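Asks:
Residue numbers (full-length UniProt numbering), protein chains in the order written: chain L, 1 to 647; chain X, 1 to 647.
1. Buried or exposed, going by whether 16 or more other CB atoms sit within 10 Å of the CB of residue 597 (chain X)?
2. Can residue 69 (chain X) be considered in contact with the ligand ZN, in the sense that its beta carbon sits closer than 6 Å to one or more heavy atoms?
3. Would you kindly work out how many angstroms separate the C-alpha atoms of residue 579 (chain X) and residue 536 (chain X), rounded to a whole number?
4. Based on DSSP bridge pairs, tell me the residues matched to residue 390 (chain X).
5. Exposed or buried, what is residue 76 (chain L) when buried is set at 16 or more other beta-carbons lying within 10 Å of its beta-carbon?
6. Could you tell me whether the Cβ atoms of residue 193 (chain X) and residue 390 (chain L) are closer together than 7 Å?
7. State the Cα-Cα distance for the pair residue 581 (chain L) and residue 180 (chain X), rounded to the nearest angstrom.
8. Here's the rule I'm using: 16 or more other beta-carbon atoms within 10 Å means buried, otherwise exposed. How should residue 504 (chain X) be labelled?
9. Going along chain X, which residues have a C-beta under 7 Å from residue 76 (chain L)?
10. In chain X, what lies closer than 8 Å to residue 197 (chain L) by C-beta?
11. Tell me which residues share the same chain as residue 344 (chain L) and place their Cβ nearer than 6 Å to its Cβ, disregarding the 5 neighbours each side in the sequence.
12. Using only CA atoms, which one of X:393, X:210, X:143, X:160 lies nearest to residue 313 (chain X)?
13. Counting only runs that start and end within the region 490-530 of chain X, where is the beta strand (DSSP E) found for 3 or more residues in a row?
14. Give, in chain order, every unbroken run of the alpha helix (DSSP H) that is at least 4 residues long and sits entirely within the region 151-223 of chain X.
15. Under 8 Å Cβ to Cβ from residue 48 (chain X), same chain only, skipping five residues before and after it: list those, please.
16. Note down, in chain order, every chain L residue with its Cβ under 7 Å from the Cβ of residue 160 (chain X).
17. Checking the sheet assignment: what are the DSSP bridge partners for residue 473 (chain X)?
18. Among all the DSSP beta bridges, which residues are the ones paired with residue 552 (chain L)?
19. Are the beta-carbon atoms belonging to residue 655 (chain L) and residue 616 (chain L) less than 7 Å from one another?
20. Helix or strand or just coil, what does DSSP make of residue 679 (chain X)?
21. Could you tell me which chain L residues have their CB closer than 9 Å to the CB of residue 470 (chain X), listed as they occur along the chain?
22. When you compare only the Cα positions, how much space is there between residue 113 (chain L) and residue 120 (chain L)?
23. Which chain X residues are close to residue 163 (chain L), counting only those with a beta carbon under 9 Å from its beta carbon?
24. On the premise that residue 341 (chain L) lies in contact with residue 477 (chain L), defined as a C-beta separation below 8 Å, what is that separation, rounded to the nearest angstrom?
25. Residues of chain L with CB closer than 9 Å to the CB of residue 154 (chain X), please, in chain order.
26. If you measure between the beta carbons of residue 64 (chain X) and residue 126 (chain X), is that distance less than 7 Å?
27. Less than 7 Å between CB atoms is the rule here; does residue 175 (chain L) satisfy it with respect to chain X?
28. In the DSSP assignment, the alpha helix (DSSP H) including residue 88 (chain L) goes from what residue to what residue?
29. Determine the direct distance from the alpha carbon of residue 322 (chain X) to that of residue 492 (chain X), and round the result to whole angstroms.
30. Which stretch, first to last residue, makes up the beta strand (DSSP E) that contains residue 295 (chain L)?
31. Give the straight-line distance between the Cα atoms of residue 600 (chain L) and residue 610 (chain L), rounded to the nearest whole angstrom.
32. At the 7 Å Cβ level, is residue 186 (chain X) part of the contact set with chain L, yes or no?
33. Let's see if you can read the secondary structure: which residues bound the alpha helix (DSSP H) around residue 316 (chain L)?
34. Find the residues of chain L that neighbour residue 308 (chain X), judging by a C-beta separation of less than 7 Å, and give them in chain order.
35. With distance defined between alpha-carbon atoms, name the residue in X:499, X:97, X:232, X:355 nearest to residue 382 (chain X).
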């Protein structure tokens with residue numbers, strides 16, 4: 001039997017030494033959760049640290065990511081080569097795999113980036129969904145693993161954490177376990193400053209199994225972990241812990257969270273825990289216990305490889321994990337009449353049911369306007385075959401689940417809601433961009449085109465706010481053809497997320513050609529002028545239709561006008577300057593986008609003009625609003641005459 | 001006794017007729033909650049519709065704002081002049097007070113803008129906090145009212161709704177009551193698609209009183225409302241309702257939410273409810289019942305005016321509601337050594353304790369770095385005298401509470417957290433901008449200056465994302481002087497919110513003069529060149545110190561260099577073009593901001609340069625990161641030489 005207490009102390013001292021070496025860090029979690037983590041790894045976790053990318057491994061998420069030294073200590077002690085002692089000595093230094101908060105590095109056993117409170121457990125929900133969906137498809141011989149999340153008080157106070165509790169209970173994700181570090185301390189002081197809730201009762205209300213244990217009692221923890229594995233419900237193991245356990249001065253104190261550690265702390269902790277070893281030295285017997293404990297995972301990994309060798313589903317299993325794109329890209333029926341781009345998007349999504357069976361649609365109460373459900377059955381507590389997850393009105397959770405699914409592998413997540421609600425989902429979307437995960441965020445109701453629901457529901461600054469975000473591609477396609485193109489580019493992009501902003505109101509069909517995906521260049525001349533260019537109209541989304549109409553009138557007046565469609569700034573930004581200039585021309589420019597002008601100075605010169613929104617919207621029908629805010633063909637024509645005259 | 005059932009039917013038919021007249025709308029809520037609302041107004045609510053701005057009125061929040069016709073019907077029937085029958089006939093039309101979702105118009109009885117799910121109940125929490133804080137200050141003779149929120153399933157699924165439940169229980173806001181429309185239908189279909197939670201148990205876990213009633217049983221509702229008023233705990237009245245009650249075709253159905261209504265629906269509802277009256281006709285007897293019911297509120301209002309007349313606290317009560325600024329503005333000690341602007345901000349906030357006693361600080365687990373608590377005691381369940389609310393790790397709720405407090409009146413809300421968490425709070429901040437509420441959002445940890453906590457915690461695109469937002473002022477002050485100036489401008493601004501982005505790391509003291517608030521112009525020449533300007537450095541925040549240092553080196557090289565500090569784009573944007581040009585000059589420009597370049601083309605020409613962040617940050621100390629990302633004095637100098645040479 002391994003000496004789990006010593007295994008736990010090894011975590012403690014690695015954390016202490018690394019934090020002292022770095023000069024700063026958060027000791028509260030690794031010291032407080034050492035027994036919990038050691039027991040999990042010793043007797044329950046299924047991982048093979050020599051093969052950190054093994055698809056059927058258990059997933060471990062450190063949602064309380066500030067306690068990152070807990071994770072690094074676990075990875076080091078369990079034998080993950082990338083987390084060497086040398087790496088731990090670079091904790092919190094530039095370029096270290098041991099960053100201040102865990103940054104996704106799956107080859108090093110770091111499953112996902114965590115640190116912003118709540119994101120981790122919400123990602124864990126996505127991982128647990130992914131496992132169940134894949135198990136339904138490929139069977140338990142190939143897919144049968146669990147998700148364990150270390151969780152702090154902050155994660156549970158966050159709204160997204162509460163959304164997670166609710167949806168996990170609803171979906172009965174029984175292989176997901178939260179290990180709650182109930183240390184009763186937050187950064188601001190005692191948790192009692194801000195919460196009086198009966199947290200176990202809150203989980204029980206959402207149909208979880210709740211087990212309350214002393215978080216330093218190894219036998220109790222072990223029994224709780226066994227119970228979590230045997231109960232069909234998701235489990236909360238509420239671990240009553242002492243923050244910074246082991247440092248006499250800080251145990252159970254607010255300073256236990258991250259107060260600077262002194263030489264004296266090190267001396268006193270070594271004395272208190274009878275640890276005579278120098279800094280960064282772990283006795284071989286303890287390393288051996290850790291190594292032996294990992295044998296269970298190594299065996300499981302080998303058995304899995306053997307099972308897979310002749311498994312009839314091995315080939316599709318691999319294919320789903322590589323997530324190849326359909327070739328050729330499914331062709332779409334061209335609508336003859338103006339069609340909302342959300343509807344065209346729904347058509348694409350439908351076609352992908354056959355061409356990319358590993359797509360998984362997450363949806364925040366928005367089935368009707370995007371049609372995604374037409375061919376997709378629901379993923380539910382009793383049927384894991386569905387490729388459509390009703391996430392409820394929980395946008396923030398949904399975005400993070402999409403990250404967790406992408407990080408898990410095997411599935412292509414597609415998260416759907418209203419664009420106005422992207423503000424709720426934004427922090428999770430940023431995590432997708434930061435982690436460079438291939439998530440597709442699809443939004444409907446992209447502008448004042450929403451109509452009478454009014455300014456709360458009308459995005460104005462959303463496009464700009466995401467164009468400002470590193471590694472996020474923002475698409476606002478003009479019609480059905482560009483919508484299909486945007487889907488294709490977004491799914492091809494494996495090193496970051498994409499956002500599709502789609503219209504509720506009908507979009508004129510401005511493109512007929514489909515031989516080349518012209519959206520790839522970000523912007524292109526949608527309609528050439530009849531003669532040497534006197535004016536360029538630049539439009540995105542439904543405003544392309546207005547531009548085409550204005551072009552016809554201006555050409556009739558003898559003003560040769562080009563229309564440039566610009567579905568994606570970020571792609572256009574990557575074009576050489578000469579190509580940009582060729583497309584945008586040197587003639588006066590008018591940009592038309594029913595959104596904030598913020599950022600448009602990137603493509604407009606002082607002499608150019610912008611037609612869009614400088615205020616919030618209003619409550620009226622879309623037609624009335626476009627007229628009211630002056631986003632009209634007449635206004636374009638009028639402005640064009642002015643510019644051409646003064647040019 | 002009033003005929004409450006008929007009063008309820010009057011709501012139903014006004015809603016039906018208005019929605020049919022508009023051609024679209026959401027009938028589910030007004031038809032489903034008609035008895036609940038009528039009973040509340042008939043027997044419990046304390047308002048005087050003839051004096052909608054009476055400070056001691058009960059506050060009513062329609063958190064399920066899509067059901068706006070419920071609110072408009074209530075306001076009309078209770079005698080609010082601004083909501084005439086003619087106004088109701090313009091429901092959902094441009095300029096109507098009866099917008100698609102309620103838009104704040106307090107003279108018309110619309111307390112707050114609602115519609116984005118969860119925002120309403122979170123604002124209601126702020127209102128309930130405001131009432132208790134003001135009551136502690138002025139006594140129950142002047143302040144003693146309740147807050148009632150109509151709540152839908154969506155509001156409770158949202159994370160911010162869950163945050164509200166938790167904090168309300170913790171603070172024991174006993175005068176806050178949620179009236180939950182438990183109709184078991186969302187836009188996407190049955191609530192059972194996405195939730196299995198025992199919602200009453202969830203509220204009980206958070207120390208609420210929960211009363212479950214048939215939402216169409218007037219006696220049961222009445223008893224529940226009485227119980228809510230007498231119990232010291234906050235109350236959830238869980239009203240089991242039938243969505244779209246009264247329309248045989250839609251009752252209890254998904255289409256009850258907002259399916260288009262037909263002539264036949266109108267005929268059938270009139271038959272079913274024995275309502276022979278034509279559209280928009282309410283019998284006088286019913287109007288009379290409504291009018292009589294309002295007598296209670298009118299009496300209360302008159303009694304309150306009488307009590308106030310000779311009340312010793314009448315003058316400060318009025319003063320708090322007018323929220324005058326301190327004059328002269330408190331002077332601040334000038335730090336000699338570089339000082340974090342969060343610390344300077346804490347100094348200002350401390351001084352305001354005396355000068356603006358009606359300030360109320362809301363804080364999401366961030367006491368330490370902003371020092372706000374130094375002189376402020378906590379507002380708790382047992383002590384309402386505190387001016388510091390521990391909101392816990394619940395940023396989204398906190399932002400909306402600030403809106404609710406501002407809308408309530410009498411207090412100046414100041415919401416504090418880390419800038420990276422503004423993504424969590426953003427939707428509520430947008431509501432403040434949309435409602436033009438004077439909320440001050442204070443953020444610390446404004447950039448990679450955060451250091452080793454890494455990219456999750458380092459804002460990059462946040463400044464741009466808020467600069468893109470209409471009616472939001474974004475301040476990034478350079479030092480202690482600009483920090484005080486930003487506070488002053490933000491507090492003076494009564495028609496919208498402001499955001500302060502403050503540094504964790506020390507900021508050089510670049511200003512000594514304090515006679516004039518130079519930040520008012522948004523940007524100004526912080527340091528003049530020694531001769532005719534050859535270069536302009538434009539900086540915000542802590543980068544002003546780098547610019548000054550670079551200026552000294554460049555001047556020594558014979559390059560006359562101006563340094564422009566630009567603490568607030570939005571204010572600079574309002575300057576005449578000539579003033580802008582005079583400040584920015586015609587020489588080459590280099591802008592320096594440790595953030596995304598997005599939007600900077602507004603102030604930079606193609607020949608100019610930007611030094612900042614084009615990617616996410618990393619985990620290392622602030623000094624190392626500034627060096628790593630090339631935001632250094634040397635880099636400014638190098639770039640300056642290039643630009644001046646090619647100029």
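Ideal placement from N, C-alpha and C gives every residue a C-beta, glycine not left out.
The structure displayed is predicted, hence computed values, not measured ones.
Replies: Reading from the atomic positions:
1. The sequence position of residue 597 (chain X) within the second chain is 597, counting from 1. Residue 597 (chain X) should be labelled buried.
2. You won't find the ligand ZN in this model; it holds no ligand whatsoever.
3. Along the second chain, one-based indexing puts residue 579 (chain X) at 579. Along the second chain, one-based indexing puts residue 536 (chain X) at 536. Taking the straight line joining both Cα atoms gives about 15 Å.
4. In the second chain, the residue the question calls residue 390 (chain X) occupies position 390. According to DSSP, which records beta bridges pairwise, residue 390 (chain X) is partnered with X:363.
5. For the purposes of this step, residue 76 (chain L) is taken as the residue at position 76 of the first chain. Result: buried.
6. Indexing the second chain from 1 puts residue 193 (chain X) at position 193. Indexing the first chain from 1 puts residue 390 (chain L) at position 390. Yes, these two residues count as a Cβ contact at 7 Å.
7. What you label residue 581 (chain L) is simply residue 581 of the first chain in a count that begins at 1. What you label residue 180 (chain X) is simply residue 180 of the second chain in a count that begins at 1. Looking at the two C-alpha atoms, the distance is approximately 57 Å.
8. What you label residue 504 (chain X) is simply residue 504 of the second chain in a count that begins at 1. Residue 504 (chain X) should be labelled buried.
9. Counted from its first residue, the first chain places residue 76 (chain L) at position 76. Going along chain X, no residue has its Cβ under 7 Å from residue 76 (chain L), so there is no contact; the nearest lies around 18 Å.
10. What you label residue 197 (chain L) is simply residue 197 of the first chain in a count that begins at 1. Neighbours of residue 197 (chain L) on chain X, chain order: 166, 169, 170, 205, 206, 207.
11. On the first chain, residue 344 (chain L) is found 344 positions in, with the first residue counted as 1. Cβ neighbours of residue 344 (chain L) beyond the five flanking positions: 480, 483.
12. One-based indexing of the second chain puts residue 313 (chain X) at position 313. Taking only the C-alpha atoms, the option nearest residue 313 (chain X) is X:143.
13. 498-501, 524-527
14. Whole alpha helix (DSSP H) segments, 4+ residues: 153-157, 159-171, 199-205.
15. Counted from its first residue, the second chain places residue 48 (chain X) at position 48. Cβ within range, chain order: 54, 57, 294, 297, 298, 300, 301.
16. Translated into positions along the second chain, residue 160 (chain X) becomes position 160. The contacting residues are 159.
17. Reading the second chain from its first residue, position 473 is the one you call residue 473 (chain X). Per DSSP, X:498.
18. Position 552 of the first chain, counted from the first residue, corresponds to residue 552 (chain L). Looking at the DSSP assignment, residue 552 (chain L) forms no beta bridge with any residue, so it has no partner.
19. Chain L is shown only over 1 to 647; residue 655 (chain L) falls outside these bounds and no answer can be derived.
20. The question about residue 679 (chain X) has no answer, for chain X in this structure spans 1 to 647.
21. For the purposes of this step, residue 470 (chain X) is taken as the residue at position 470 of the second chain. Going along chain L in sequence order, the residues near residue 470 (chain X) (Cβ under 9 Å) are 460, 461, 596, 613, 614, 615, 616.
22. Translated into positions along the first chain, residue 113 (chain L) becomes position 113. Translated into positions along the first chain, residue 120 (chain L) becomes position 120. In a straight line, the C-alpha of residue 113 (chain L) is about 8 Å away from that of residue 120 (chain L).
23. For the purposes of this step, residue 163 (chain L) is identified with residue 163 of the first chain, where counting begins at 1. Per Cβ cutoff of 9 Å: 157, 158, 159, 162.
24. For the purposes of this step, residue 477 (chain L) is taken as the residue at position 477 of the first chain. For the purposes of this step, residue 341 (chain L) is taken as the residue at position 341 of the first chain. Sure, about 6 Å apart at Cβ, within 8 Å.
25. As a working note, residue 154 (chain X) is residue 154 in the second chain. Those are 365, 392, 393, listed as they occur along chain L.
26. The residue labelled residue 64 (chain X) in the question sits at position 64 within the second chain. The residue labelled residue 126 (chain X) in the question sits at position 126 within the second chain. In this structure, residue 126 (chain X) does not lie closer than 7 Å to residue 64 (chain X) by Cβ.
27. Here the question's residue 175 (chain L) lines up with position 175 in the first chain. It does not; no Cβ of chain X falls within 7 Å.
28. Numbered from its first residue, the first chain carries residue 88 (chain L) at position 88. Counting along the chain, the alpha helix (DSSP H) containing residue 88 (chain L) begins and ends at 85-89.
29. Start at 1 with the first residue of the second chain, and residue 492 (chain X) comes out as number 492. Start at 1 with the first residue of the second chain, and residue 322 (chain X) comes out as number 322. Spanning the two alpha carbons is a distance of roughly 12 Å.
30. Indexing the first chain from 1 puts residue 295 (chain L) at position 295. No beta strand (DSSP E) contains residue 295 (chain L), which is instead part of the alpha helix (DSSP H) from 295-309.
31. As a first step, residue 600 (chain L) is located in the first chain; it is residue number 600 there, counting from the start. As a first step, residue 610 (chain L) is located in the first chain; it is residue number 610 there, counting from the start. Answer to the nearest angstrom: the Cα atoms are 8 Å apart.
32. By one-based count along the second chain, residue 186 (chain X) stands at place 186. For residue 186 (chain X), the answer is yes, since a Cβ of chain L falls inside 7 Å of its Cβ.
33. Taking the first chain and counting its residues from 1, one reaches residue 316 (chain L) at position 316. Counting along the chain, the alpha helix (DSSP H) containing residue 316 (chain L) begins and ends at 314-322.
34. Locating residue 308 (chain X) in the second chain gives position 308, where the first residue counts as 1. None at all; the shortest Cβ gap to chain L is about 35 Å.
35. For the purposes of this step, residue 382 (chain X) is identified with residue 382 of the second chain, where counting begins at 1. Closest option to residue 382 (chain X), Cα to Cα, is X:232.
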